[in-house]
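Every position in the sequence shown, counted from 1, becomes a number in the working numbering once 3 is added.
Ideal Cβ positions, reconstructed from N, Cα and C, are used throughout, including at glycine.
None of these values were measured; they are calculated from a predicted model.
The block underneath contains the structure these notes are about, expressed in structure tokens.
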Amino acid sequence: MGGLAIAISWVLIGLVLCVTIIGIPLGIQAFKMAKLALWPFGASIHGL
């Protein structure tokens with residue numbers, strides 16, 4: 004159940020960030036992190 008709690012946290016953070024226009028890109032990334040927390044298989048994380 005840990006992954007579900009983390010995904011819910013990322014979704015809530017994403018919703019808060021999407022309230023402002025400046026936070027929308029960060030909110031979208033938070034939603035992507037929530038998806039990654041729920042289904043990590045086949046995903047890859049690239050460094051800078």
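> How would you label alanine 37, buried or exposed, when you count the other beta carbons within 10 angstroms and need 16 or more for buried?
Replying inline: buried
> So, helix, strand or coil for valine 22, using DSSP?
Replying inline: coil
> How would you call glycine 45, buried or exposed, if buried means at least 16 neighbouring beta carbons within 10 angstroms?
Replying inline: exposed
> Taking the C-alpha atoms as reference points, what is the distance between proline 28 and lysine 35?
Replying inline: 11 Å
>> Rounded to whole angstroms, what is the Cα-Cα separation between valine 14 and leucine 51?
In response: 24 Å
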